[in-house]
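Numbering (my numbering), first residue to last: 18 to 750. So the structure is just underneath, and the comments pick up after that.
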Ligand code: GLC
């Protein structure tokens, strides 16, 4: 939402509305209530409430708009909000799955389709995208964001904003976006939802704030405050971050909405004694709209004439809310054509969902068993809780989300018409029995191939779904181990929300496909990848740890430390006497590692295999030296990469370019994602891709100056498969 979005006439209308509204009417305008009946919503609309949750249809939405426009004091139309996180009726892959595509343009197209569907039903405001950088898969909400890297969250968040809002918000098929949850929610201690967040300014500035800045620059109409504290201060009352950073420094012109009951939560946070204090505290900090409808419940004193500063603050909040309504065109076109509701997944939207889904699955391991030839005529056992399940939609899908019409059982039968497929679908992923395990152990040798479709159910990820144990639930690990006891090759397909701890068995199967919750086209896309009709091109947007004890396992959270390990530790008794032999770095003992775990995550950020051997022929830095002054004016470091697809099928390939700052005033990450691009490489073809590394990818927050800095010096360019003996370098001067 940019300042120039509104015309002088609209600004004048806003001023006269503010002039005419009473204090209570203004407080009403900056609230959104939820969980009410249509009758209660109509009453709230007549009272001048600013926003309501979607009532369930275009007709009911129009009735609410009519009540607001014709029966309230000032006839101000309503914002109608809903969590349209990855689809409305047509359900797209979860955001974490989308991130695995490294193709933000496809996410933008998905958001565009979602907006068209939702707006046709009356929703004009979505509480999406979530751009919480997330590094702890114990947190159930990692599924709603774009993973552990700030650049990926920035690119996908901005793309989703553009998808929802288009260039100008006033088209009747768009929605106001909401970048959430501002800020740091993904860093909840222990991955426990709603828990404390405490971090350095540097980490806040370099890892958690950038995606929000990118969403603001993409024009996000709204931002949602997060439930957590940031270094002791609840975000719903954090003036420095809500006002000084987001509004003043980033120039955010839309409005900040609280999360559900987030203002009221200031009371259990222990910073407000009652709702009145909480309301005054959050409004004064810069929150513009309260979610819960409790700003003035029980007629508490906030209704008396408050101090002038709060009056001005509430006037500004009203201006921001009214500004978004004008930008949406609601004053001119508040009603939805009831005969144009999109009530089913439209074919073009389904095609968009399929195009997105095809790019998301990540081939974690493969000994060559995959792909299974479509002419395969052997005996296949298809087993596991996801073998014949429709649970592919993922977290944050409401009742209008349409499940796949088919399951893996159906799509595999169609993709492998000559195979003799026996299905042993385990109904409940939370309760694989000893009998189930014994049965698969007993029959595995009878088959030529076992496809084990395993499930972390959709409702086991998302909000309020943190897990202390991130293995597959319900003994599914034991099902894998039993299936792998015979010589029959086993292919595991994971249908899950978050990165899991699969280290107990990941070495056993012939192949592992991370398929995520892909939405409505999940079963067909998985079958097409297993049979080679689609060449997998996903990469992990978030690491799979070796153990929950290893978290956080994010790649760029790893500074080298003063004692970097070069090999795994051991729990064997030490064979030296620390006191007598002294603290020298004896045989690697005194280095940063776990004695009982191999180094690094099981599968790191960026990991992903293809069916085609893709060779990095050459990596060349086109700009070996560049002046920082030039970079600050927009010049980029240019890296040219030559890639060859040695396979006999075309391949999509996510090229990730990392840098490593050789010497810095602050300990640099061992590698930092500087740019990424998704390219197509024809079978047997070679392409030359030039990637630009901008200043923002090299800068870091410098506490002493209170600003991002780029330091002179040498940087390595790190690209997987780079044939150079040493990583190529560039120098900033
Ligand atoms: C929830 C979530 C938020 C969502 C809001 C409205 O508690 O934290 O992401 O948009 O409430 O449903």
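For each residue, glycine too, the CB sits at the ideal point set by N, CA and C.
Beta strand (DSSP E) segment containing residue i, residue limits
| i | result |
| --- | --- |
| residue 437 | 437 to 442 |
| residue 542 | Unbroken run through residue 542 is the alpha helix (DSSP H), 539 to 547; no beta strand (DSSP E). |
| residue 286 | First-last for residue 286: 283 to 286, but that is the alpha helix (DSSP H), not the beta strand (DSSP E). |
| residue 693 | 689 to 698 |
| residue 718 | 717 to 719 |
| residue 653 | From DSSP, residue 653 is part of no beta strand (DSSP E); its letter is neither H nor E. |
| residue 706 | 703 to 710 |
| residue 725 | 724 to 726 |
| residue 746 | 746 to 749 |
| residue 383 | 379 to 383 |
| residue 401 | 396 to 401 |
Top-ranked residue by Cα proximity to residue i, from the options
| i | options | result |
| --- | --- | --- |
| residue 215 | 246, 157, 523, 232 | 246 |
| residue 100 | 358, 164, 192 | 192 |
| residue 61 | 45, 732, 728 | 45 |
| residue 198 | 276, 172, 80, 157 | 276 |
| residue 618 | 87, 147, 153 | 153 |
| residue 447 | 295, 416, 495 | 495 |
| residue 565 | 542, 536, 517, 556 | 517 |
| residue 453 | 696, 492, 615, 470 | 492 |
| residue 748 | 736, 730, 742 | 730 |
| residue 724 | 266, 432, 705 | 266 |
| residue 329 | 150, 308, 301, 312 | 301 |
| residue 41 | 476, 72, 91 | 91 |
| residue 218 | 185, 257, 189, 194 | 257 |
| residue 745 | 442, 717, 689, 639 | 639 |
| residue 56 | 48, 28, 85 | 85 |
Residue environment, residue i, which counts as buried when at least 16 other CB atoms sit within 10 Å
| i | result |
| --- | --- |
| residue 511 | buried |
| residue 563 | buried |
| residue 356 | exposed |
| residue 752 | There is simply no residue 752 to check, as the chain begins at 18 and stops at 750 in what is shown. |
| residue 281 | buried |
| residue 10 | Past the boundaries of the shown model lies residue 10; the chain is included only from 18 to 750, so the question cannot be answered. |
| residue 597 | exposed |
| residue 26 | exposed |
| residue 360 | exposed |
| residue 741 | exposed |
| residue 607 | exposed |
| residue 249 | exposed |
| residue 590 | exposed |
| residue 32 | exposed |
| residue 445 | exposed |
| residue 134 | buried |
Alpha helix (DSSP H) segment containing residue i, residue limits
| i | result |
| --- | --- |
| residue 682 | Residue 682 -> no alpha helix (DSSP H), and no H or E assigned at all. |
| residue 366 | 364 to 375 |
| residue 325 | 325 to 344 |
| residue 595 | 595 to 598 |
| residue 181 | 167 to 182 |
| residue 122 | 121 to 137 |
| residue 27 | 25 to 37 |
| residue 83 | 75 to 88 |
| residue 426 | 425 to 432 |
| residue 229 | 227 to 234 |
| residue 497 | 493 to 500 |
| residue 529 | Where residue 529 is concerned, there is no enclosing alpha helix (DSSP H), although the beta strand (DSSP E) it sits in stretches over 528 to 531. |
| residue 783 | The displayed coordinates of the chain run from 18 to 750. Any statement about residue 783 would go beyond what the structure contains. |
| residue 583 | First-last for residue 583: undefined, no H or E at that position. |
| residue 241 | Per DSSP, residue 241 belongs to no alpha helix (DSSP H); it is in the beta strand (DSSP E), 239 to 242. |
| residue 631 | Residue 631 -> not in any alpha helix (DSSP H); beta strand (DSSP E) instead, spanning 631 to 638. |
| residue 456 | 451 to 460 |
Proximity test, residue i beta-carbon vs the ligand HEM heavy atom, cut-off 8 Å
| i | result |
| --- | --- |
| residue 255 | As for the ligand HEM, it is missing from this structure, which binds only the ligand GLC. |
Minimum Cβ-Cβ distance from residue i to chain E less than 9 Å
| i | result |
| --- | --- |
| residue 699 | Here chain E cannot be found, since the structure has a single protein chain. |
Residues passing the C-beta test against the ligand GLC heavy atoms, cut-off 5 Å:
Cβ atoms closer than 5 Å to the ligand GLC belong to 100, 144, 276, 277.
Within the chosen definition, does the region 544 to 558 reach the region 386 to 395 through at least 3 CB pairs nearer than 8 Å?
With the cut-off at 8 Å, the region 544 to 558 and the region 386 to 395 touch.
Quick one: any contact between the region 576 to 594 and the region 455 to 465, if contact means 3 or more CB pairs under 8 Å?
no
With three or more beta-carbon pairs closer than 8 Å as the criterion, would you say the region 197 to 212 touches the region 481 to 495? Here the region 197 to 212 makes contact with the region 481 to 495; the two share three or more CB pairs at distances below 8 Å.
Counting pairs of Cβ atoms below 8 Å between the region 516 to 533 and the region 90 to 105, do you hit three or more? no
Counting Cβ pairs, one atom from each stretch, are 3 or more of them under 8 Å apart for the region 663 to 674 and the region 699 to 719? yes
Are there three or more Cβ pairs, one per stretch, closer than 8 Å when the region 222 to 240 is compared with the region 258 to 273? yes
The region 123 to 130 touching the region 101 to 110, judged by at least three CB pairs closer than 8 Å:
yes
- Flag this pair as touching only if the region 673 to 681 and the region 645 to 652 have three or more C-beta atom pairs under 8 Å; answer yes or no. no
- Does the region 400 to 411 touch the region 422 to 437, meaning 3 or more C-beta pairs lie closer than 8 Å? yes
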